[in-house]
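Peer 1:
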Ligand code: SF4
Ligand code: SF4
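In the working numbering, the protein residues as written are 328 to 810.
1. Would you mind stating whether residue 746 and residue 714 have Cβ atoms separated by less than 8 Å?
2. Assuming the contact rule is C-beta atoms closer than 8 Å, residue 748 and residue 719 should be a hit. Round their C-beta distance to whole Å, please.
3. Pull up the DSSP beta-bridge partners for residue 798, would you.
4. Verify the contact flag: residue 595, CB atom, against every heavy atom of ligand 1, threshold strictly below 7 Å.
5. Taking only heavy atoms of ligand 2 into account, decide whether any of them is closer than 7 Å to the Cβ of residue 603.
6. Residue 482: buried (16+ other C-beta within 10 angstroms of its C-beta) or exposed?
7. Report the residue ranges of all alpha helix (DSSP H) runs contained in full by the region 615-688; include only those spanning at least 4 residues, in chain order.
8. To the nearest angstrom, how far is it from the Cα of residue 385 to the Cα of residue 687?
9. Let me check you understand the geometry: is the CB of residue 620 closer than 7 Å to at least one non-hydrogen atom of ligand 2?
10. Using C-beta distances below 6 Å, list every residue in its chain close to residue 517, excluding the 5 sequence neighbours before and after it, in chain order.
11. Look at residue 439 and residue 619 and say whether their C-beta atoms are less than 8 Å apart.
12. My assumption, with CB atoms under 8 Å, is that residue 674 sits in contact with residue 762. Please give the rounded CB distance.
13. For residue 475, name the three-state secondary structure that DSSP assigns.
14. Which residues in the same chain as residue 574 place their Cβ atom closer than 7 Å to its Cβ, once the five residues preceding and following it in sequence are excluded?
15. Since residue 708 sits in a beta bridge, which residues does DSSP pair it with?
16. Under the assumption that residue 756 contacts residue 805 (Cβ atoms under 8 Å), give the Cβ distance between them as a whole number of angstroms.
17. So who's on the other strand from residue 725, going by DSSP bridges?
18. Can you grab the Cα-Cα spacing for the pair residue 777 / residue 697, in whole Å?
19. So, with DSSP's three-state summary, where would you put residue 777?
20. Determine whether the beta carbon atoms of residue 605 and residue 343 lie at a separation below 8 Å.
21. So what's residue 454 in DSSP terms, helix, strand or just coil?
22. Hey, how far is the Cα of residue 798 from the Cα of residue 389?
23. Give the range of the beta strand (DSSP E) segment to which residue 387 is assigned.
24. Can you tell me the Cα-Cα spacing of residue 712 and residue 731, whole angstroms?
25. On the DSSP letters alone, give me the boundaries of the alpha helix (DSSP H) that residue 421 sits inside.
26. Are the region 471-486 and the region 443-455 in contact at 8 Å, needing three or more beta carbon pairs?
27. Output the distance between the C-alpha atoms of residue 613 and residue 633, rounded to the nearest integer angstrom.
28. If we count Cβ pairs, one from each stretch, closer than 8 Å, do we get three or more for the region 414-424 versus the region 389-404?
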């Protein structure tokens, strides 16, 4: 491939040096960032007493196939809850994006949160935008080595602790840290932590806005969720440009009145909105797919307008309809529809979690053989009873049968048993039907010829450990076919 073709296919990254900014949206973003980090970094350290698993409030115990979230234990068979959560998130994304645009990207996305922190570190070590630009252009001297090295070292530390924290969600956090630092942790823990350290370092430190611009699929398909009423961040070009376009402050166009008299707009072309933009775009050129809706350009322009004592809002949250002088309607059938589906899906999931039984019980017929004729003429069917204590406390369970007059249950004395916390157990159950004394010859012949099938109900009841209704499982009881 020729060098010329290479140049067409690959554009070298133009470094972006975002300037810091103060304002309401920056404060909001910092608040979200602090809250998100507190939750992510502290959650694995929150203790929660458990009898059969590490005392960790949030733990994804893969070998034990249990997910613990405080008092909720999610087992493999509850995986539909996870599907429910994913569906809810998908609807939420459609709902929020249709309403407020890329608010997820600007405030909550992991890439945004980690890039923001990495930029704060960079700013703290290397200084404000001009100082960082100077440092990048400067030759590699002692100062540059210390500042660049210090930045990378701190990035690496944050990336490492982020990777290790993620790993802590899968094992007991204090044990992992000790084992990790003493070289005794499982291989998977080292691999996961190393992988996440490197990806965090590269994505948040080096690639930054390129992840949003080139790698993230959401940036590409979000436009399908936008409509004319969706909140977007926009520059009021009519107010900013006047009929003569942007003009810096100068002789005769310093005050607003002078500028209006000269048909010059309110944008003083200071470039502050461009300098604060983490993706390096100029919002004055219109809505662009790179914009992550972080609203920092609003803060920047508001600061300039405050300084000039002119009204705020030259850059603001608005909608395409508002820009075209039409009314913005937020409560549209589409939005209401998403809201209703979202509420219903969330309600169903919460109801399903709250009403889930503390234990599960299954009864399956053993079909080889389907029945056994006993020497006294009685008939026996065998079953496999599977019990699963989903709680983190022991549970006493009793099994009995109903619905088949005269039948007896034999479980080798396990008709009443104690299940350890989260114990799963399989038991053999035999149901025996004695020969019918009152059965006349004709009736027995008919039943046997038809291969008659009766029904038996297994009643599984918790005696101690939980308060819940008994579980009833109805299974067939087979009689011999005519022989
Ligand atoms: S910050 Fe406001 S005044 Fe300054 S260039 Fe941007 S839009 Fe114009
Ligand atoms: S244009 Fe404004 S809202 Fe969009 S990414 Fe840049 S600073 Fe954030």
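Beta carbons are placed, not taken as given, at the ideal position from N, Cα and C, and that holds for glycine.
Peer 2: Put simply:
1. Locating residue 746 in the chain shown gives position 419, where the first residue counts as 1. Locating residue 714 in the chain shown gives position 387, where the first residue counts as 1. Yes, they are a contact pair.
2. For the purposes of this step, residue 748 is taken as the residue at position 421 of the chain shown. For the purposes of this step, residue 719 is taken as the residue at position 392 of the chain shown. Indeed they touch by this definition, with Cβ atoms about 5 Å apart.
3. Here residue 798 refers to the residue found at position 471 when the chain shown is read from its first residue. DSSP lists 787 as partners of residue 798.
4. As a working note, residue 595 is residue 268 in the chain shown. Using a cutoff of 7 Å, the CB of residue 595 counts as near ligand 1, since one of the ligand's heavy atoms is closer than that.
5. For the purposes of this step, residue 603 is identified with residue 276 of the chain shown, where counting begins at 1. Checking the Cβ of residue 603 against ligand 2 gives yes.
6. What you label residue 482 is simply residue 155 of the chain shown in a count that begins at 1. Looking at its Cβ environment, which holds 16 or more other Cβ atoms inside 10 Å, residue 482 is buried.
7. Within the region 615-688, the complete alpha helix (DSSP H) runs of at least 4 residues fall at 623-635, 647-650 and 660-681.
8. The residue you call residue 385 lines up with position 58 of the chain shown. The residue you call residue 687 lines up with position 360 of the chain shown. If I take the Cα positions, the gap works out to 23 Å.
9. Here residue 620 refers to the residue found at position 293 when the chain shown is read from its first residue. Checking every heavy atom of ligand 2 against the Cβ of residue 620, one is found closer than 7 Å.
10. Start at 1 with the first residue of the chain shown, and residue 517 comes out as number 190. Excluding residues within five positions, none has a Cβ falling inside 6 Å.
11. Sequence index remark: in the chain shown, residue 439 carries index 112 (1-based). Sequence index remark: in the chain shown, residue 619 carries index 292 (1-based). Cβ atoms of residue 439 and residue 619: closer than 8 Å.
12. Here residue 674 is taken as the residue at index 347 of the chain shown, counted from 1. Here residue 762 is taken as the residue at index 435 of the chain shown, counted from 1. Contact between residue 674 and residue 762 fails: their C-beta atoms lie close to 54 Å from each other, not under 8 Å.
13. Within the chain shown, residue 475 is the residue found at index 148, counting from 1. Correct three-state label for residue 475: helix.
14. By 1-based counting over the chain shown, the position of residue 574 is 247. Same-chain partners within the cutoff: 580, 591 and 596.
15. The residue you call residue 708 lines up with position 381 of the chain shown. Partner(s): 758.
16. For the purposes of this step, residue 756 is taken as residue 429 along the chain shown, with counting starting at 1. For the purposes of this step, residue 805 is taken as residue 478 along the chain shown, with counting starting at 1. The distance from the Cβ of residue 756 to that of residue 805 is about 15 Å, inconsistent with a contact at the 8 Å cut-off.
17. Translated into the one-based positions of the chain shown, residue 725 becomes position 398. Answer is 743 and 788, bridged to residue 725.
18. Position 450 of the chain shown, counted from the first residue, corresponds to residue 777. Position 370 of the chain shown, counted from the first residue, corresponds to residue 697. Caution is warranted here: a pLDDT of 49 is assigned to residue 777, below 50, making its placement in the model unreliable, and the coordinate value is therefore given only provisionally. So the two alpha carbons sit approximately 15 Å from each other.
19. Your numbering for residue 777 matches position 450 in the chain shown. Confidence is the limiting factor: at residue 777 the pLDDT is only 49, short of 50, which leaves the residue's position unreliable, though a coordinate-based value still follows. DSSP places residue 777 in helix when its eight states are reduced to three.
20. Reading the chain shown from its first residue, position 278 is the one you call residue 605. Reading the chain shown from its first residue, position 16 is the one you call residue 343. Yes, they are a contact pair.
21. Looking up residue 454 in the chain shown gives position 127. It is coil, neither helix nor strand.
22. Position 471 of the chain shown holds residue 798. Position 62 of the chain shown holds residue 389. Approximately 28 Å between the Cα atoms of the pair.
23. Stepping through the chain shown from its first residue, residue 387 is reached at position 60. First-last of the beta strand (DSSP E) with residue 387: 385-388.
24. As a working mapping, residue 712 is identified with position 385 in the chain shown. As a working mapping, residue 731 is identified with position 404 in the chain shown. Distance between the alpha carbons of residue 712 and residue 731 is about 18 Å.
25. Residue 421 sits at position 94 when you count from the first residue of the chain shown. It spans 406-427 - the alpha helix (DSSP H) in which residue 421 sits, taken as one unbroken run.
26. yes
27. In the chain shown, counting from the first residue as 1, residue 613 sits at position 286. In the chain shown, counting from the first residue as 1, residue 633 sits at position 306. Linking residue 613 to residue 633 through their CA atoms gives a straight-line distance of about 23 Å.
28. No, because fewer than three Cβ pairs between the region 414-424 and the region 389-404 fall closer than 8 Å, the two stretches do not touch.
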